Structure formats: structure tokens, C-alpha cells
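Reading through the C-alpha cells given below for one structure.
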Amino acid sequence: MTSVPAALPQPDAPPGARVRAWSHSRFTFPLGPRSRYPLDKYALLRRRVVGDGSLREDDIAEPLPIAWDAVLRVHDPVFVTRMRTGALEVREERVLGLQWSEQLIERTLRGLQGTLAAAGDALETGHGIMLGGGTHHAARASARGFCVFNDLAVATSELRRAGALRRVLVIDCDVHQGDGTAELLRPDPEAFTLSVQCERNWPFVRIPSDLDVELPQGTGDDDYLQALDAALDEAIGGAVADLAFYVAGADPWEGDKLGRLALTKPGLRARDELVLDRCARAGLPVVVTLAGGYAPDVRDTVDIHAQTIAAAVAAAA
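Put into C-alpha cells, the structure is as follows:
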């Protein structure tokens, strides 16, 4: 399957583009007084990847909001209605970590479409990039961990509905387990979910993935890369996928406030290159999403995400 059918309309790539990326950074929302969500990183990242030459401004496209029907095909309709109308309980907002607003929903729908469009790019060209996404904590009937709806599951559903693919692989290298993705996709016989995470870190109640790699707190570059390499052997071989979603969290970094692993920035760049190289050797199209990153100085998170994008662009060259 090498093309995206007309059921998934997308704007044409700009002339001469090396690889297209999708960004919803222009669409912001009120954070609330206590939120730890690093919303600024998305606009900073967009400026960085243009400034460092990884992408040109006209390589970056802005997604439209996805249709609500696409969300309803994956998420519980009662939950979707509450989220759509702002009828969340205080406890639900607390678990999400964000206060509800119409702007939050607008941005969320655009983020879902961005990941779907980037996945379409990957099926078309081998590589797709979403400058955001990786909302892996969102489950069928709950929003949590800054994740409203699950872009990986929604994109999978829509691509299948369009006849663009059957089998998918999720390679989740955020420091936190992709519990929502596991709930939504592990029961699916044509999906394989790999999550490489720090043990004894949030979420403390795991929902089993097809393959969970639990790393001790303080794990550094060499041990991490060795464990990831072995996990990719099993996951790529077992998935026999048409497309891989790579969730490239910045939070395994040694200085991250919520991470508890000890990877360096060069180690994280090696992680990205390992995942992209293994997908390329398997002939597996890959779409990059970014997920978390909670450095005390947001510029460190932007550094890490920017080198992920640079690695993705290099892999597409």
C-alpha cells in the first residue's frame, strides 16, 4: 500500500519539498494557573526547525480540524459529548491536567488531523512528521496526562476506513507508558504496541502493551539503546506492519522534571536514528510524533525535539 486514497484529501506538498511536516502551534488555549503543560514548546520548535534549516517554512502545513465522526469511531460517545460540550467533572480535568476550553478542543481536533495527514504522507513517501501529537494517554472513555483524544488510534481507524492500510506498529519511546494506546490498540489483532518506559513512573497502573520494556530509574544511553534495539527486533518482526507511528518523547532526557531516566541529548539523537534506521531497513513507512518533554528550561525540550526532526528529515533524504 503506497498511496493515500482520495478519501483522505490533503493539500499538495510545496514544490521541491524534501519532507512535509504538520503543525498546529498557532492554535493555543488557556492553560490555567497550575498547569505544567509546556505549550510554548510547539511554537518555539517550529521556529527552531526553520531556523536551523531542517525545514523551510513552506514545508510546514497547518491541519484543518478533523471531523467529529472520526473521533466517535474510536472514543466512547458519552465521553466525546462531555468533552465536546465542556461538561467534564473536576476530577476529569484534574486527570487531564488541562482546563477545558473551546480553544483546547479546536487545537485537539487539528492535532488529530495533523497526525492523520502526516501518516498519509508516510504512506505516500515513506516519511511523515507531526510537530506535536503522540497523545498516547488518551483512552476510549477518558482524557488524561495532557491527552484529550488518541491521535494514533484515530489515525489508524481513518486510514483503515479509507483502505490505505491494515496493520500498524506503534513504537512509543516517551518515558511514560502509552497506556491509552495500549487500551485502544492492544486488543486489535492487526496492531502491535511497543512502549519503552521508565518503571515506577506515571501511569502507576499499567495497561499492558503487546511489548512493554520497563527500564530502571537512572538508565543511561548505552543500556537504553541496547534494550530498544532488542525490542525493535521483536516488534518489527512481530508486527509485519504497513505503517509505524514513532512516539519520540523528549522526556527520557536526564534533566527532565518528570522523566527519571538519564539519557543525554546525543543519546536521544541516537535513539531517533536507531528507530528510523530500523524502520527503513524493514521497508516500513514511519510517521514521527513528539509526545512529552518537561525540562525545567523549555529550550532543552526544544533542542531534543529539534534533533528528532533533523533525524527524520535526514532519513527522508
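Residue 170 in my numbering sits at position 170 of the sequence shown; the count goes up by one each step and never skips. The beta carbon of each residue, even a glycine, is placed where N, CA and C say it ideally should be. Note that the structure is predicted; figures quoted are calculated from it, not measured.
Whole angstroms is fine: what's the gap from residue 311's alpha carbon to residue 73's? 33 Å
Could you check what DSSP says for residue 279 in three-state terms: helix, strand or coil? helix
Going by Cα to Cα distance, which pick from 279, 291, 256 is closest to residue 298? 256
What is the DSSP secondary structure of residue 89, reduced to helix, strand or coil? coil
Which class does residue 153 belong to by DSSP, given the choice of helix, strand or coil? helix
Which of helix, strand or coil does DSSP assign to residue 192? strand
The alpha helix (DSSP H) spanning residue 42 covers which residue range? 40-51
Alpha-carbon to alpha-carbon, residue 222 and residue 315: 22 Å
Quick one: residues in its chain with C-beta nearer than 7 Å to the C-beta of residue 88, no 5 flanking neighbours on either side, listed in chain order? 82, 100
Could you pull out every residue in the same chain whose Cβ sits closer than 6 Å to the Cβ of residue 250, ignoring the five residues on either side in sequence? 293, 301, 304, 305
Just verifying my parser: in three-state terms, what is the DSSP assignment at residue 169? strand
Straight-line gap, residue 91 to residue 125 (C-alpha atoms, nearest Å): 43 Å
Boundaries (first-last residue) of the beta strand (DSSP E) holding residue 212: 211-215
On the DSSP letters alone, give me the boundaries of the beta strand (DSSP E) that residue 243 sits inside. 243-247
For residue 172 and residue 134, what's the separation of their Cα atoms in angstroms? 8 Å
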